[in-house]
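S.K.:
Protein chains: 2
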Amino acid sequence: MAPTLPTAPQTFQVYDVTLRDGSQQEGMQLSVNDKLRIAAYLDEFGVGFIEGGWPGSNPKDSEFFRRATSGELELRNAELVAFGMTRRVGGRAADDPLIAALRDSGARVATLVAKSHVGHVANALHTTLEENLAMLRDSVSHLRSEGMRVIIDAEHFFDGYRLDGAYALEVVRTAAEAGAEAVVLCDTNGGMLPSWMGEVVSAAVELGAPIGIHCHNDSGCAVANTLAAVEAGAMHVQGCVNGYGERTGNADIISVVANLELKYGWKVLPEGNLAEATRTAQAIAEITNVPAGPRRAYIGTSAFAHKAGLHASAIKVDPNLYQHVDPALVGNDMRMLVSDMAGRANIQIKGEQLGFDLSDRTLAAELTDRVKEKELQGYTFDAADASFELLMRAQLGQLPDVFTIKHWTTTSFADGENDADIVSEAVVKLVAQRQVQYFVGEGNGPVNALDMALRRALTPVYPAVDGYELTDYRVRILDGSSGTEASVRVLIDTTNGERTWTTVGVGTNVIEASWEALCDAYRYGLIHLLENTVEPVGARGAASPVDALA
Amino acid sequence: MAPTLPTAPQTFQVYDVTLRDGSQQEGMQLSVNDKLRIAAYLDEFGVGFIEGGWPGSNPKDSEFFRRATSGELELRNAELVAFGMTRRVGGRAADDPLIAALRDSGARVATLVAKSHVGHVANALHTTLEENLAMLRDSVSHLRSEGMRVIIDAEHFFDGYRLDGAYALEVVRTAAEAGAEAVVLCDTNGGMLPSWMGEVVSAAVELGAPIGIHCHNDSGCAVANTLAAVEAGAMHVQGCVNGYGERTGNADIISVVANLELKYGWKVLPEGNLAEATRTAQAIAEITNVPAGPRRAYIGTSAFAHKAGLHASAIKVDPNLYQHVDPALVGNDMRMLVSDMAGRANIQIKGEQLGFDLSDRTLAAELTDRVKEKELQGYTFDAADASFELLMRAQLGQLPDVFTIKHWTTTSFADGENDADIVSEAVVKLVAQRQVQYFVGEGNGPVNALDMALRRALTPVYPAVDGYELTDYRVRILDGSSGTEASVRVLIDTTNGERTWTTVGVGTNVIEASWEALCDAYRYGLIHLLENTVEPVGARGAASPVDALA
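Those protein sequence lines, which keep their order, are chains A and B. At position 431 of the first sequence the residue is numbered 443 (our numbering), and the sequence of numbers has no breaks. At position 357 of the second sequence the residue is numbered 369 (our numbering), and the sequence of numbers has no breaks.
#1: Between the stretch 199 to 211 of chain B and the stretch 236 to 243 of chain A, are three or more C-beta pairs nearer than 8 Å?
#2: Please confirm whether cysteine 252/B has its beta-carbon closer than 7 Å to some beta-carbon of chain A.
#3: I'd like the span of the beta strand (DSSP E) that includes leucine 333/B, first residue to last.
#4: Which full runs of the beta strand (DSSP E) of 3+ residues lie inside the stretch 202 to 288 of chain A, going along the chain?
#5: To the nearest angstrom, how far is the alpha carbon of glycine 492/A from that of threonine 512/B?
#6: Within the 7 Å Cβ cut-off, does arginine 405/A reach chain B?
#7: Alpha carbon to alpha carbon, what distance is there between valine 130/B and asparagine 344/A?
#8: Measure the C-alpha to C-alpha separation of threonine 520/B and glycine 457/B and round it to an integer number of angstroms.
#9: If the cut-off is 9 Å on Cβ atoms, which residues from the stretch 223 to 245 of chain B count as contacting chain A, listed in chain order?
#10: For the beta strand (DSSP E) containing isoleucine 161/B, name the first residue and the last one.
#11: Taking only runs that begin and end inside the stretch 450 to 509 of chain B, name each unbroken alpha helix (DSSP H) of 4 or more residues, in chain order.
#12: Return helix, strand or coil for alanine 317/B, following the three-state DSSP convention.
#13: Give, in chain order, every residue of the stretch 286 to 309 of chain A whose Cβ lies closer than 8 Å to some Cβ of chain B.
#14: Please name the residue in Asp394/A, Met348/A, Leu408/A, Ala395/A whose C-alpha comes closest to that of aspartate 369/A.
#15: Between the stretch 96 to 109 of chain B and the stretch 71 to 78 of chain B, are three or more C-beta pairs nearer than 8 Å?
#16: Just mark tyrosine 53/B as buried or exposed, buried being the case when its beta carbon has 16 or more other beta carbons within 10 Å.
#17: Let's test the definition: count the other Cβ atoms within 10 Å of the Cβ of threonine 23/B and tell me whether it reaches 16, buried, or not, exposed.
#18: Could you check if glycine 457/A belongs to the surroundings of the ligand COA, using beta carbon to heavy atom distance under 6 Å?
#19: Of all Cβ atoms in chain B, is any one closer than 7 Å to the Cβ of lysine 47/A?
#20: Once the 5 residues before and after glycine 202/B are set aside, which same chain residues still bring their CB inside 8 Å of it?
#21: Which word fits aspartate 33/B, buried or exposed, when buried means at least 16 other C-beta atoms lie within 10 angstroms of its C-beta?
#22: Assuming glutamine 360/B is part of the alpha helix (DSSP H), what are its boundary residues?
#23: Helix, strand or coil for glutamine 447/B? Go by DSSP, reduced to three states.
#24: At what residues does the beta strand (DSSP E) containing glycine 60/B begin and finish?
#25: Mind checking which residues open and close the beta strand (DSSP E) that includes leucine 341/A?
#26: Using CA atoms only, rank isn't needed, just tell me which of Glu91/B, Ala122/B, Gly64/B, Val133/B is closest to arginine 100/B.
#27: Ordered along the chain, which non-local residues of its own chain (more than five positions away) have a Cβ less than 6 Å from that of proline 306/B?
#28: Identify whether threonine 422/B lies in helix, strand or coil by the three-state DSSP scheme.
#29: Roughly how far, in whole angstroms, is the beta-carbon of isoleucine 225/B from the beta-carbon of alanine 246/B, given that I think they are within contact range, below 8 Å?
#30: Report yes if the C-beta distance between glutamate 401/A and threonine 423/A is below 7 Å; otherwise report no.
#31: Over what stretch of residues does the beta strand (DSSP E) that includes leucine 124/A continue unbroken?
#32: Can you tell me which of the three DSSP states phenylalanine 393/A falls into?
#33: When the distance is taken between beta carbons, is leucine 274/A closer than 7 Å to valine 337/A?
#34: Along chain A, which residues have their Cβ under 8 Å away from the Cβ of lysine 275/B?
#35: Compute the Euclidean distance between the alpha carbons of glutamate 378/B and lysine 384/B, then round it to the nearest angstrom.
#36: Name the chain A residues that come within less than 9 Å of serine 314/B, Cβ to Cβ?
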């Protein structure tokens with residue numbers, strides 16, 4: 013018995029609000045450049061509409077529309093949308109400066125927020141119910157007569173419907189009759205539950221108006237509320253990448269789209285584009301500097317990761333046992349995690365994935381013990397594959413000596429509290445390929461200075477390290493969980509432009525932990541570089557022996 | 013028109029799986045002490061069941077049960093539950109060592125995972141459908157005869173029901189007849205949607221068996237799926253605090269409970285306990301060292317925070333416009349955020365909340381400009397109330413000179429890469445109350461060393477700083493968004509034992525940014541200390557003048 017699947021409507025609109033509603037999230041600050049880059053990713057992913065901001069309300073959004081519509085943003089799939097509100101009480105849409113800003117934005121679609129809650133018409137707009145409808149009718153008609161497509165966001169619709177359903181529906185009817193191509197019911201305070209959606213949305217759909225849905229996650233149900241509205245007949249969904257947004261965030265547009273495509277079997281993106289979901293969400297997270305979150309449905313780094321020993325043995329039998337969809341469909345990967353909860357099965361699978369023979373049960377058991385011992389100290393190999401490989405190589409006696417550190421020091425200083433001339437410098441002395449290297453480095457912090465000194469000391473011997481880049485650096489203070497003093501865990505991501513690897517360091521001193529992760533980052537990169545030059549191992553792009561050893 | 017509310021069942025079970033399923037999350041490692049502390053919080057919050065782990069499967073879980081049941085954990089609300097599986101194929105429950113471990117765990121309730129999917133019985137257990145039922149019947153009966161209460165987790169139930177519904181239901185019936193007090197339908201791979209729940213759960217409920225629900229968030233619908241099952245008659249809900257768990261996590265038990273209490277109007281916790289939700293979730297996040305996430309429904313730090321200028325003006329009219337429930341009901345707070353998207357209205361409300369008169373529109377506008385200018389440089393005052401107050405005081409000419417830095421330096425060094433004797437030291441020279449102070453400090457990193465030196469230099473003048481503690485330190489690399497070089501933002505949380513405040517620093521050097529946030533942290537604390545000694549401002553506990561100025 014398959015679950016009952018709703019039928020796809022003839023037209024369906026995927027409408028992204030990351031650049032407006034999403035950017036209202038606490039801690040998120042998007043520059044105009046950021047917004048242009050995000051818009052390009054959204055378009056490439058295949059959403060139908062990109063709400064760019066509110067032209068005329070602040071200089072940044074005005075500049076965004078100016079630049080986006082003058083050649084800096086070429087959209088292939090999406091329409092750029094300018095957001096605004098209905099005209100002022102008692103005025104004329106044709107004379108309203110904010111309406112003019114929409115008209116002059118260069119966007120071909122305008123979305124207007126309108127009141128549909130009788131209380132808000134009285135207490136926030138201070139006007140009559142009739143004038144509110146007139147404002148809506150006038151604003152939509154005016155923009156339509158100017159050649160724009162218009163969408164209406166009916167704010168606080170669900171609370172409004174509860175208080176005075178007839179008036180809320182009158183707002184929907186008025187908007188549709190005036191020419192709005194979608195009337196979007198907004199759960200502005202996010203308080204709805206899925207089982208409450210159907211009745212309200214159906215009532216609006218029955219008017220014959222094209223209905224959209226805009227949900228927030230305050231009850232933890234934004235995605236489910238959106239789906240419930242779609243099942244009741246909504247043909248337009250709004251949301252943000254990574255569920256960004258004010259308070260608890262907006263509906264996660266990628267979860268919504270993935271559920272529609274993979275669970276209902278609808279096509280709401282251009283063919284093949286869903287497989288870009290993970291890349292899109294992660295790239296946008298890089299730009300916003302607000303992580304997607306490892307547990308985010310479909311696109312999180314943990315979304316298809318398996319740790320428990322019980323699961324790992326089962327996955328050896330059937331990889332689909334613990335995944336609801338094939339991760340490749342959303343561009344994600346199944347990952348086996350190494351951890352102290354894992355049995356030998358995980359470690360063996362993981363070792364084989366990395367190309368090492370761990371079929372010897374004693375060897376695998378010894379390595380498992382060593383992993384458990386290190387994890388007890390605070391190491392986490394779940395997240396640090398490169399450090400796991402170095403540990404495994406050490407255990408198997410396959411760890412080449414690429415360099416040995418003799419000495420290091422780092423100093424930061426300034427004269428005066430707010431002096432701009434703050435300097436961080438470091439000195440590293442090491443031996444590589446029997447040559448002593450002794451260098452100073454300067455950086456924007458002690459770890460960066462150590463990285464610069466280490467890099468300068470390694471480059472004469474291994475010129476390729478100049479192409480390595482540290483792309484992320486994360487610090488966590490570990491609780492003194494076993495009665496010992498608190499220690500610090502550092503994770504470092506490094507890339508050589510082709511692949512990225514993660515290393516971990518632990519110590520009671522953050523510089524010590526950072527230094528361990530840093531040295532292992534170079535060590536891992538160099539081992540793979542050197543092995544490739546001797547015996548290329550397939551897909552990894554090998555530098556020539558001359559480049560590698562110079 | 014109010015939404016239709018389901019009726020509460022006569023008995024309802026709230027069952028927490030944080031300590032077992034939750035701890036399988038990537039990156040989470042709980043010590044026995046951690047588990048004991050979390051269990052105490054869960055009990056205080058009022059859940060009915062705490063699944064502690066799997067005794068006999070690993071030494072840590074066995075030790076947890078030993079310590080929990082020998083006086084280290086006193087439970088007032090909850091039953092401690094030992095998790096395990098049905099007896100081995102072809103054996104007898106009475107002779108099974110894992111069943112014995114449950115019996116001997118000291119817990120009064122056992123939860124057994126059982127297969128309900130015909131494919132898994134064949135391919136994972138390699139046995140017959142009849143033997144699977146016999147294993148279930150034998151295991152439940154045996155533990156019941158030993159005086160234990162028994163709950164069954166029917167693994168992969170929804171996929172199993174789809175493949176062979178009759179067998180899946182036979183498993184439910186068998187478990188109930190053998191004496192299980194709840195048969196929990198598990199959406200093990202998290203692939204369900206809310207609208208698919210009703211039919212399956214209803215079919216199980218119609219058997220007359222007490223039904224529970226266990227959801228994962230792989231479709232982004234774990235909370236909604238749980239509610240859909242409850243609406244279909246489930247009387248037992250499982251989930252984890254903060255939605256912890258493998259892959260995308262389990263259903264967030266606090267969102268589920270808050271929705272049941274606040275949206276359905278049911279009582280599923282002891283009276284008054286829901287107001288402990290935020291404190292409980294945040295305290296457990298401290299122990300797990302995996303943050304709850306600021307946008308987490310109900311308990312996130314951003315869950316009731318408001319930033320947009322439009323909202324802020326509306327909130328001046330009615331604070332309930334943009335909150336779906338009163339935040340006090342879950343122990344959370346409404347917060348106004350200061351940000352470059354905010355208009356003067358936010359800044360004025362914020363200033364008034366802090367006790368400053370910003371009714372002068374010119375003054376408020378100047379301060380707003382200053383905030384926008386600083387935020388353009390990378391400061392974020394959303395998260396750093398104390399730095400906002402210092403900025404406002406500077407603008408209003410109300411910033412007392414508590415100390416002036418003359419000079420600082422910090423050095424970290426080691427001989428050899430893995431040497432344990434790594435030292436971070438710092439020197440700070442400052443003037444406070446016309447006295448020059450010149451001190452060295454040692455720490456587990458350069459910022460900690462600077463903190464120690466600064467603290468030593470301030471203590472002779474202001475003995476109270478010895479009671480200040482830095483509780484959190486967060487670093488973010490800011491994109492060079494306006495074409496300038498990348499900069500770093502540091503946020504520091506400081507507590508004096510009574511209240512906690514947050515300061516922000518920005519610079520191209522991480523030490524520079526940390527130093528700014530650090531100095532401001534002491535500055536803010538000292539200003540409030542000194543003001544309290546002169547003119548106590550109410551609720552804040554004031555130290556005596558002697559303590560303060562020594």
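Yeah, the Cβ is synthetic: ideal placement off N, Cα and C, and Gly gets one too. Predicted model only: the values in this text are computed from it and were never measured.
M.R.: Let's see:
#1: Flag = yes, the stretch 199 to 211 of chain B and the stretch 236 to 243 of chain A touch.
#2: Residue-level contact check: cysteine 252/B does not touch chain A, since none of the beta carbons of chain A fall below 7 Å from its beta carbon.
#3: Premise fails: leucine 333/B is in no beta strand (DSSP E) and is neither H nor E.
#4: Listed in chain order, the complete beta strand (DSSP E) runs (minimum 3 residues) inside the stretch 202 to 288 of chain A are 223 to 227, 248 to 251.
#5: Its pLDDT being 42, under 50, glycine 492/A is placed unreliably by the model, and nothing is read from it.
#6: Arginine 405/A does not count as touching chain B.
#7: Just so you know, the alpha carbons of asparagine 344/A and valine 130/B end up roughly 29 Å apart.
#8: The straight-line gap from Cα to Cα measures roughly 19 Å.
#9: The residues in question are His228, Asn229, Asp230, Ser231, Gly232, Cys233, Ala234, Val235, Ala236, Asn237, Leu239, Ala240, Glu243.
#10: A quick correction: the sequence has arginine, not isoleucine, at residue 161/B. Segment 161 to 167, the beta strand (DSSP E) holding arginine 161/B.
#11: Inside the stretch 450 to 509 of chain B, DSSP marks whole alpha helix (DSSP H) runs of 4 or more residues at positions 458 to 470, from first to last along the chain.
#12: The answer is strand: DSSP assigns alanine 317/B an E or B state.
#13: Listed by position, the residues of the stretch 286 to 309 of chain A near chain B (Cβ gap below 8 Å) are Ile299, Asn301, Gly305, Pro306, Arg307, Arg308, Ala309.
#14: Answer by Cα proximity: Leu408/A.
#15: With the cut-off at 8 Å, the stretch 96 to 109 of chain B and the stretch 71 to 78 of chain B do not touch.
#16: Buried, because 16 or more other Cβ atoms sit within 10 Å of the Cβ of tyrosine 53/B.
#17: So threonine 23/B ends up on the exposed side.
#18: Because no ligand of any kind appears in the structure shown, any question about the ligand COA cannot be addressed here.
#19: So, not an interface residue.
#20: Here the set comprises Cys227, His228, Asn229, Asp230, Ser231, Ala234, Arg259, Thr260.
#21: Buried, by the Cβ-count rule.
#22: Glutamine 360/B -> alpha helix (DSSP H) spans 356 to 365.
#23: In this structure, glutamine 447/B counts as strand in the three-state DSSP scheme.
#24: No beta strand (DSSP E) holds glycine 60/B; DSSP gives it neither H nor E.
#25: No beta strand (DSSP E) holds leucine 341/A; DSSP gives it neither H nor E.
#26: If we check each option's Cα against that of arginine 100/B, Val133/B comes out closest.
#27: Answer for proline 306/B: Gly312, Thr313, Ser314, listed in chain order.
#28: Annotated three-state conformation of threonine 422/B is strand, per DSSP.
#29: Contact between isoleucine 225/B and alanine 246/B holds: their C-beta atoms lie close to 4 Å from each other, under 8 Å.
#30: The answer is no: Cβ separation not under 7 Å.
#31: Per DSSP, the continuous beta strand (DSSP E) segment holding leucine 124/A begins and ends at 121 to 127.
#32: Note: phenylalanine 393/A maps to coil in three-state DSSP.
#33: In this structure, leucine 274/A lies closer than 7 Å to valine 337/A by Cβ.
#34: What lysine 275/B touches in chain A: Gly203, Leu205, Ser231.
#35: Distance between the alpha carbons of glutamate 378/B and lysine 384/B: 10 Å.
#36: Correct list: Gln37, Glu38, Gly39, Glu258, Arg259, Thr260, Gly261.
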